[in-house]
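This report concerns only the one structure given below.
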Amino acid sequence: MSRRQEVLLAVVAALSVLLGAPAGAAPTTAGSGNAVNQFPEGFLFGASSAAYQIEGGWNADGKGESIWDRLLHTFPNLTTDGRNGDVAADSYHKYKEDVEALASIGANFYRFSISWPRILPTGDTNVINQAGIDYYNNLINALLEKGIQPLVTIYHWDLPFELQKLGGWTNPRIAEYYVQYAKVLFENFGDRVKLWITINEPDMFTKGYATWGQQAPSVNASGIGDYQAGHTVLLAHAGAWHLYDEHFRPTQKGKIGITLNIDWSEPATDSADDAEAAERSLQFTGGLFAHPIFSSEGDYPSVVRLRVDANSKAEGRGVSRLPSFTTSEVEYIRGTSDFFGLNHYTSWYVADGVEGTVPSKTYDSGTITTPMTEYPLTYSAWLRVIPSGIRKIVNWVSKTYPGHPILITENGCSDDGSTLDDQQRIEYYTGYLSEVVKAINVDGVDVIGYSAWSIIDNLEWMAGYTNHFGVFRVDYDDPDRPRTAKASASVLKKIYESNSVPLEYFTPDSSST
Ligand code: GBE
1322 MSRRQEVLLA VVAALSVLLG APAGAAPTTA GSGNAVNQFP EGFLFGASSA
1372 AYQIEGGWNA DGKGESIWDR LLHTFPNLTT DGRNGDVAAD SYHKYKEDVE
1422 ALASIGANFY RFSISWPRIL PTGDTNVINQ AGIDYYNNLI NALLEKGIQP
1472 LVTIYHWDLP FELQKLGGWT NPRIAEYYVQ YAKVLFENFG DRVKLWITIN
1522 EPDMFTKGYA TWGQQAPSVN ASGIGDYQAG HTVLLAHAGA WHLYDEHFRP
1572 TQKGKIGITL NIDWSEPATD SADDAEAAER SLQFTGGLFA HPIFSSEGDY
1622 PSVVRLRVDA NSKAEGRGVS RLPSFTTSEV EYIRGTSDFF GLNHYTSWYV
1672 ADGVEGTVPS KTYDSGTITT PMTEYPLTYS AWLRVIPSGI RKIVNWVSKT
1722 YPGHPILITE NGCSDDGSTL DDQQRIEYYT GYLSEVVKAI NVDGVDVIGY
1772 SAWSIIDNLE WMAGYTNHFG VFRVDYDDPD RPRTAKASAS VLKKIYESNS
1822 VPLEYFTPDS SST
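Per my numbering, residue 1322 is the first one in the sequence shown, and the count goes up by one each step.
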């Protein structure tokens, strides 16, 4: 048996153990007798990236233009440093060095995304770019040679610009194009890829239809375009899940889910109104996408439905700004995820009240969000180190949507890149992972894996290359883009290889919040 076949068999075996439990079954970890700092056997450890943030090769070998290429070429000053993803970390040519980095921290899996326009330059299947297929085949094979399982994000924000001409995600037909694209990926890579994420963070990238200058494509239709785009995203996700479930799962035997980003909302005071507001804010970010997929009844959360309908009416509109699903669409979307992919970074205070432009999602939610200033800030203005939040959010997910294993697909923090001795990142990872392992062993939450953001420094969207999230530094002033391990890489390695948060790094008690 080849090394690759052995790896695949091990992967499939681990997956059936982790994901095979029927919905509603007791979490396997509770009462397992594990020490509190010990992860369950078979826990998956990995690191993440995304195509536009690392690949470069923006027009190499037949790749089509994406909405991010178009936005940052047209408005170069949108990013903090005026730089874009044309070359990025040059992973299109240097992917083997990324695989080396992953192997050196003992990662079991690598979560990377596939660039839709690198595979389908027109967005549709009339042109299939063989060089793009070859690139991802080489990456996948290089990972498997090292015993690292590929976890593919099908869509991490880089829509083919040709499809934006049709309205992008606000056009419901994009769901059909998306499913055709996913089919090409299942056909070409599904023999070796056993874990798929349909879509990364719809709450985040649909801001590209609500605002200008924060996200591509920067269609400024606040409170309308974002809901409309999200509606298409849910149908696209469900379409890909059903296609996989019916036509590929029987032979390929993998798992497919969605990744949602949810910050923790801490009630600003002890009042009942603020407690309700904090829950509402979770519903407007996470629930908007989670409820249709993971709840037993499906469809949008009622609090979101009622508030957007009421506000739309009060604004004198003839139709609600939040589209409606037909009964058969509700059924089509419900239950279409094999696990709950969760990206989590930070927490906020949330109070009852009104802020945000009219119309906007923020205004609809009736919440006021403020930073938890008593916690340390990282190099990103929005990102404070609040480890207790990750334990709270995985508990919230498992209580609100019981029966779905949670895969943490992103967690990490930024610095200014000035040092390889990244002590704050070490505190961040060890603090957050301490809370994750307690959520598993103390609270009985079914978390099956964890992925650090990110394996290498990358293009942090509008922050350009100024916010460094990697456990490996990339020297962006050197045309060779050399990768160098930071101190945090060796700490992750200790955690990943011992399947525990070693006691020297473990936080036994949560802080007060
Ligand atoms: C994820 O987004 C993304 O999946 C990943 O691509 C990204 O690199 C990573 O996290 C780190 O951000 O004016 O300072 O408030 C806020 C997580 C920018 C969500 C912050 C970008 C939250 C998306 C700008 N947001 N982030 S501001």
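Glycine is no exception: its CB is placed at the ideal position from the N, C-alpha and C atoms.
Note that the structure is a prediction, hence the values are computed from the model and not measured.
Per DSSP, residue i forms a beta bridge with which residues?
i, result
"R1577", "Just to set this straight, residue 1577 is Ile in the shown sequence, not Arg. Paired residues: W1517."
"D1736", "H1789"
"P1471", "Y1431"
"T1690", "V1671"
"E1587", "Y1670"
"I1777", "F1793"
"N1664", "N1582, E1731"
"V1768", "I1727"
"R1705", "L1698"
"T1606", "The partner list for T1606 (beta bridge, DSSP) is empty, contrary to what the question assumes."
"Y1476", "I1520"
"F1366", "Y1771"
"T1805", "R1794"
"S1811", "According to DSSP, which records beta bridges pairwise, S1811 is partnered with nothing at all."
"P1361", "None, per the DSSP bridge assignment."
"P1481", "S1387"
"S1821", "Q1359"
If you draw a straight line from the C-alpha of residue i to the C-alpha of residue j, how long is it?
i, j, result
"A1806", "S1425", "9 Å"
"T1678", "F1569", "45 Å"
"Q1535", "N1355", "44 Å"
"Y1621", "T1527", "16 Å"
"I1747", "S1436", "31 Å"
"A1410", "H1612", "37 Å"
"S1274", "W1490", "Since the first and last residues shown for the chain are 1322 and 1834, residue 1274 lies out of range."
"A1463", "S1412", "13 Å"
"T1349", "P1726", "At T1349, the pLDDT of 36 sits below 50, so the modelled position is not reliable; the number obtained from the coordinates is stated separately. Distance between the alpha carbons of T1349 and P1726 is about 10 Å."
"F1396", "N1459", "33 Å"
"L1824", "N1358", "7 Å"
"D1737", "A1561", "38 Å"
"S1735", "R1391", "26 Å"
"A1503", "G1385", "17 Å"
"S1586", "D1455", "43 Å"
"P1836", "L1663", "With the chain covering 1322 to 1834 only, the question about residue 1836 has no answer from this structure."
"A1598", "P1588", "7 Å"
"E1362", "R1628", "44 Å"
"S1701", "I1583", "17 Å"
"S1821", "W1717", "23 Å"
"V1763", "S1686", "33 Å"
"S1633", "G1546", "14 Å"
"Y1498", "T1443", "10 Å"
"V1514", "A1537", "28 Å"
"E1376", "Y1476", "14 Å"
"D1801", "H1414", "10 Å"
"G1427", "V1812", "11 Å"
"A1808", "E1676", "41 Å"
"A1596", "A1631", "22 Å"
"K1815", "V1766", "23 Å"
"G1345", "E1652", "Unreliable positioning characterises G1345 in this predicted model, as indicated by a pLDDT of 34, which lies under 50. The coordinate reading is nonetheless provided below. Roughly 19 Å between the two C-alpha positions."
"R1494", "L1741", "47 Å"
"H1558", "I1579", "7 Å"
"G1637", "S1681", "15 Å"
"T1828", "G1488", "48 Å"
"D1566", "I1777", "33 Å"
Between residue i and residue j, how many whole angstroms is the CB-CB distance? I'm expecting something under 8 Å.
i, j, result
"G1367", "G1770", "7 Å"
"R1712", "E1650", "Actually they do not touch by this definition, with Cβ atoms about 35 Å apart."
"F1430", "I1761", "Going by Cβ atoms, the distance from F1430 to I1761 rounds to 18 Å, so no, they are not a contact pair."
"R1432", "T1474", "6 Å"
"G1383", "A1496", "The pair is not a contact, with the Cβ atoms about 25 Å apart (cut-off 8 Å)."
"W1774", "F1793", "About 13 Å separates the two Cβ atoms, so there is no contact after all."
"T1688", "D1673", "7 Å"
"G1544", "Y1684", "7 Å"
"N1779", "S1370", "6 Å"
"E1731", "S1772", "6 Å"
"S1602", "V1671", "5 Å"
Does any CB atom of chain C fall closer than 7 Å to the CB of residue i?
i, result
"I1727", "You won't find chain C in this structure, because it holds only one protein chain."
Under 8 Å, with one C-beta from each stretch per pair, do the region 1608 to 1627 and the region 1565 to 1576 reach the 3-pair mark? At 8 Å Cβ cutoff, the stretches do not touch.
Take every Cβ of the region 1444 to 1462, pair it with every Cβ of the region 1398 to 1409, and state whether three or more of those distances are shorter than 8 Å. no
Do the region 1548 to 1568 and the region 1634 to 1644 make contact, defined as three or more Cβ pairs closer than 8 Å? yes
Can you find at least 3 beta carbon pairs, one from the region 1655 to 1664 and one from the region 1715 to 1733, that sit closer than 8 Å? Taking a cut-off of 8 Å for Cβ pairs, the region 1655 to 1664 and the region 1715 to 1733 touch, as three or more such pairs fall below it.
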